[in-house]
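Trainee: Each residue of the sequence shown is one higher than the one before, counting from 18 in the numbering used here. Dropping the structure in here first, questions after.
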Amino acid sequence: MDLTPKAEIDARTAHLQQKLSQQGLDGALILLNSDMFYFAGTVQNAFLYVPAQGESVLMIKRSLQRGKNESPLMNIVAIRSPKEIPTLLASFGYKSLDNVGMELDVLPFNLYQMYKNIFSNAELSDISPAIKEIRVIKSSYEIGFLRKALKVSDEAFKTVPDFLREGMPEIELAALFEAELRKRGFAGCCKLRAFNQEFFYGDVCSGESGFFPSFFDGPIGGPGVCVSHPNGAGWKKVRRNEPVLIDYTSIIQGYTGDQTRMFCIGELSPKLEQAFQAALQIETEVLKIMKPGTPAEEPYLLALKLAEKFGYQDYFMGYKKDRVKFLGHGIGLELDEWPIFAKGFKNPLLPGMTFALEPKFIFPDGAIGIENSFVMTETGPESLSITPEAITYVK
C-alpha cells in the first residue's frame, strides 16, 4: 500500500496555511474526500481541521484505526458527531473560530446550515479556490503516480487487438478493456468536482454510437446501456470499417490519467482518416505555443481556428449545437481540475500543471480524435502518455 509521505502532507498543509492567513481565516474544515486525501493522506468518514497556524486535527467517525495507519498526521482522534468539533478543537488549543474556511463549492445547503449552527459565532468562508490553486501544481511525487497511471493505460490499450472482434457488443469490449486496467492496479472511482457530473471509467463508442451526445460535459457521449446512465458503451455491436473510440481514465493512488486511442476492424473511410490527421495536427500546433506563462485560453482559441481552417468547425468537440467549448482540462485527484483550456480562462500555465488535451471530431457515422495527458515543465509540455497515437487496425 502506498502511503503519502509526511513531508508531502506537510508541504501541502503549509501552502494552505499561507492561504488561510492571507484570507484572514482561523482555519479550514475539510470534508470532501479528494481534499481530505490530499491534506491528510487517508479517506475516512472524518473532519479535517487545518489551522492557520499549528498542527492539523483529523477527527474520525469511521475508521479510526485505518486513519491512524494511513495518515502521517500527529493529531488523530475519534469523534461521534460533528457537533463535537468545537469542543475537540478547543482541547487542542483552537478556541478562536471566528472565521472558518469550508469547501463551499461542493457543500450541500443543508450541511452548510448545520455547520452554521455548530459554529454559531463564526463566519463561514469559501476556501475552495485556494485549495484548487494549491492542488493545480503537482509535486514530483504526484507526477510519478500519473506516469504510472499512463503506463497502465498503455499496457491495456496494447491488449485491445487481442479481443476486439466484429459483432461484439460495445459493453463487452468495455468490460474486457476495463479488466485489463483493473488487473494492473486501476483504482476505479473517477472523481469529478462539478455538481452532478458523473463519469464511469471511460467511454467505448463504435460507429454512430459516437454521435450520441449526453449530459456529460465532454465531446463524447455514447448511448450507455440504459436511460438512467446515458453515456458510454451500449448494446450496439461493433462492425467492420467503422471507428472504435476508447476514451478511458486510469487511476493510480487516486491520480487520474486520461487517454483516447482509435481502433478499426478493416479500414476507415478517407474522410475519417483525414479528420484523424487533422486532430493530430491540432494537437501538434497547440503544443507548440504552450509554455509557462501562456494563458489557458490560447490553445483552445488556436484549436478553433485550425478546425475552421480544415473545414471541421461544425464537428469539433461535438456536433453543431452539442459542441463543448473547451479543448482540455486539468487532471489529478479529480478529472476536472484546473487548468481549463477554454475561452475566457486567462490563468497562465505554470510548471507542475498536469492536464489532458483532447481534439476530437464528431460525425453522424462516428467519433474520431486523440487525447493525451501532459505535465507542464519549465520548457513546455511533456507527454505523460506513451502509447503510439496511430489508429490501430485489426484485420
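Using N, Cα and C, we set each Cβ at its ideal position, and we do this for glycine too.
(1) Under DSSP, the beta strand (DSSP E) around Pro68 begins and ends at which residues?
(2) Can you tell me where the beta strand (DSSP E) holding Phe280 begins and where it ends?
(3) Given Phe358, which residues of its chain have a CB within under 6 angstroms of its CB, disregarding the five upstream and five downstream residues?
(4) Under 8 angstroms Cβ to Cβ from Lys363, same chain only, skipping five residues before and after it: list those, please.
(5) Considering only their Cβ atoms, is the gap separating Ile144 from Glu120 smaller than 8 angstroms?
(6) Going by C-alpha distance, which of Ala295, Ile379, Pro368 and Lys100 is nearest Ile154?
(7) Helix, strand or coil: how does DSSP classify Val242 here?
(8) Indicate whether the contact test is met: 3 or more Cβ pairs, each with one atom in the stretch 95-112 and one in the stretch 168-183, closer than 8 angstroms.
(9) Would you mind reading off the limits of the beta strand (DSSP E) that contains Leu75?
(10) For Leu209, which of Glu354, Ile268 and Val392 has the nearest alpha-carbon?
(11) If you drop the 5 nearest sequence neighbours on each side, which residues of the same chain put their C-beta closer than 8 angstroms to that of Val60?
(12) Since Leu401 and Met307 should fall inside the 8 angstroms C-beta cutoff, what is the C-beta to C-beta distance between them, to a whole number of angstroms?
(13) Can the beta-carbon of Ala10 be found closer than 8 angstroms to that of Phe327?
(14) What does DSSP give as the partner residues of Ser267 in its beta bridges?
(15) Give the secondary structure of Pro89 by DSSP, where H, G and I count as helix, E and B as strand, and everything else as coil.
(16) For Ile263, which of Leu81, Glu195 and Trp252 has the nearest alpha-carbon?
(17) With the cut-off set at 8 angstroms, would you say Gly251 and Ile148 are in Cβ contact?
(18) Which residue comes first and which comes last in the beta strand (DSSP E) that contains Leu344?
(19) So which of Leu81, Ala95, Ser88 and Asp27 has the shortest CA-CA distance to Pro68?
(20) Determine the contact status of Phe380 and Gly386, defining contact as a CB-CB distance below 8 angstroms.
(21) Measure the Cβ-Cβ separation of Pro287 and Ala384 and say whether it is below 8 angstroms.
(22) Any chance you could list the beta strand (DSSP E) runs of at least 3 consecutive residues sitting entirely within the stretch 162-233, in chain order?
(23) Measure the C-alpha to C-alpha separation of Ala31 and Ala24 and round it to an integer number of angstroms.
(24) For Pro398 and Lys100, what's the separation of their Cα atoms in angstroms?
(25) Could you tell me the distance, in whole angstroms, from the CA atom of Arg79 to the CA atom of Pro89?
(26) Take Asp19 and list the residues in its own chain whose beta-carbon comes closer than 7 angstroms to its own, dropping the five residues that flank it on each side.
(27) Mind checking which residues open and close the beta strand (DSSP E) that includes Thr30?
(28) Check whether the Cβ atoms of Leu285 and Glu302 lie closer than 8 angstroms to each other.
(29) For Ser113, I'd like the list of residues in its chain whose CB is within less than 6 angstroms of its CB, leaving aside the five on either flank, ordered along the chain.
(30) What does a CB cutoff of less than 6 angstroms around Glu140 pick up in its chain, not counting 5 residues either side in sequence?
(31) Output needed for Leu297: all residues of its chain with C-beta closer than 7 angstroms, excluding positions within five of it in sequence on either side, in chain order.
(32) Within its chain, find whatever has a CB closer than 7 angstroms to the CB of Ser231; leave out the 5 residues flanking it on each side and keep chain order.
(33) Do the CB positions of Ile282 and Ala204 come within less than 8 angstroms of each other?
(34) Given this structure, state the Cα-to-Cα distance separating Lys337 from Arg257, to the nearest angstrom.
(35) What is the residue span of the alpha helix (DSSP H) that Asp4 lies within?
Mentor: Working from what's here:
(1) Asn62 to Pro68
(2) Segment Tyr272 to Ile282, the beta strand (DSSP E) holding Phe280.
(3) These residues qualify, in order along the chain: Ala313, Pro316, Tyr317, Phe343, Leu344 and Gly345.
(4) Pro312, Ala313 and Glu314
(5) yes
(6) Distances from the alpha-carbon of Ile154 to those of Ala295, Ile379, Pro368 and Lys100 put Pro368 closest.
(7) coil
(8) Not touching, per the Cβ criterion.
(9) Taken as a continuous stretch (DSSP letters only), the beta strand (DSSP E) holding Leu75 covers Val74 to Arg79.
(10) Glu354
(11) Asn50, Met53 and Phe54
(12) Contact flag wrong, Cβ pair sits at about 14 angstroms.
(13) In this structure the chain extends from 18 to 412, so residue 10 is not present and cannot be described.
(14) When beta bridges are read from the DSSP output, Ser267 appears opposite Gly274.
(15) coil
(16) Nearest option by C-alpha distance: Glu195.
(17) Judged by beta-carbon spacing, Ile148 lies beyond the 8 angstroms limit of Gly251, meaning their Cβ atoms are not closer than that value.
(18) Careful: Leu344 lies outside any beta strand (DSSP E) and carries neither H nor E.
(19) Distance check between Pro68 and each of Leu81, Ala95, Ser88 and Asp27 places Asp27 closest, using alpha-carbon atoms only.
(20) In this structure, Gly386 does not lie closer than 8 angstroms to Phe380 by Cβ.
(21) no
(22) The stretch 162-233 contains these whole beta strand (DSSP E) runs: 219-223.
(23) So the alpha carbons of these two residues sit roughly 10 angstroms apart.
(24) Take the alpha-carbon of Pro398 and the one of Lys100: they are about 47 angstroms apart.
(25) If you take the alpha carbons of Arg79 and Pro89, they lie about 17 angstroms apart.
(26) Gln270
(27) Segment Lys23 to Gln39 is the alpha helix (DSSP H) holding Thr30; no beta strand (DSSP E) there.
(28) no
(29) Leaving aside the five residues that flank Ser113 on each side, the residues in its chain whose CB is nearer than 6 angstroms to its CB run, in chain order, Asp43.
(30) Asn116
(31) Ile387 and Glu406
(32) Gly238, Gly239, Pro247 and Asn248
(33) Between Ile282 and Ala204, the CB-CB gap reaches or exceeds 8 angstroms.
(34) Cα atoms of Lys337 and Arg257: separation of roughly 27 angstroms, rounded to the nearest angstrom.
(35) The first residue shown for the chain is 18 and the last is 412, placing residue 4 beyond what the model contains.
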